[in-house]
């Protein structure tokens with residue numbers, strides 16, 4: 001926490017800039033973000049804002065990090081009330097992401113929608129917050145595997161040496177014991193999960209195609225868990 005009045009004032013101004021940026025993101029989209037407009041709503045001249053945020057791209061980065069952390073916090077909070085069952089926790093994570101996406105469609109779109117033209121997110125600032133939810137999913141895959149809740153394919157697929165090297169690097173980075181087949185299926189799980197959520201949030205289905213999208217999502221989630229290797233007890 002900032003300890004001096006000047007530091008506290010700076011932190012408050014940064015919070016206000018991010019808050020106003022979120023509001024503009026919701027009303028005009030990422031491509032329309034403008035530091036001048038932020039300064040106007042903040043009640044200062046535009047030159048004053050540049051002392052805190054140097055460019056539109058830096059503002060976008062602040063919003064990206066803010067969005068990833070907001071989603072991560074939402075998932076973490078949901079898991080604190082979850083039963084000690086990695087499969088049920090995977091369901092809760094998936095539902096929480098979908099709920100957050102519907103509640104915050106502009107922020108979800110910034111993170112997982114169409115890239116903003118001309119903007120490249122700096123990896124040194126965005127990778128750690130951006131992988132929070134992915135790390136949670138990978139951890140739950142590993143727990144489900146250790147609990148023998150996931151059935152491996154027979155025969156297990158062969159993985160080429162280059163891809164096996166990539167998988168080994170991921171195992172080391174996350175500190176998890178995941179076989180190659182489960183890493184491959186886990187990647188398919190989370191990419192398919194976000195694809196299903198995006199199709200729903202961005203209305204790719206069409207307005208009147210499905211009567212109950214909640215039921216559809218639960219069926220999709222069942223299918224993803226089946227693909228992962230989960231076989232519920234009869």
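In UniProt numbering, the protein residues as written are 1 to 234.
Note that the Cβ used here is the ideal one computed from N, Cα and C, for glycine as well.
Keep in mind that this is a model prediction, so the values were computed, not measured.
- A direct Cα-to-Cα measurement between residue 112 and residue 166 gives close to 23 angstroms.
- Leaving aside the five residues that flank residue 69 on each side, the residues in its chain whose CB is nearer than 6 angstroms to its CB run, in chain order, 129.
- Non-local C-beta neighbours of residue 212 in its own chain, meaning closer than 7 angstroms and more than five positions away in sequence, are absent.
- Residue range 105-112 is occupied by the alpha helix (DSSP H) that includes residue 112.
- Restricting attention to alpha helix (DSSP H) runs no shorter than 4 residues, the region 162-204 encloses them at 180-201, ordered along the chain.
- Annotation note: the region 58-125 contains the following uninterrupted alpha helix (DSSP H) runs of length 4 or greater, listed N- to C-terminal: 86-103 and 105-112.
- The shortest CA-to-CA distance from residue 16 to any of 4, 3, 44 and 191 is the one to 44.
- Bounds of the alpha helix (DSSP H) holding residue 13 are 5-28.
- Listed in chain order, the non-local C-beta contacts of residue 159 below 6 angstroms within the same chain comprise 180, local neighbours out to five positions each way being set aside.
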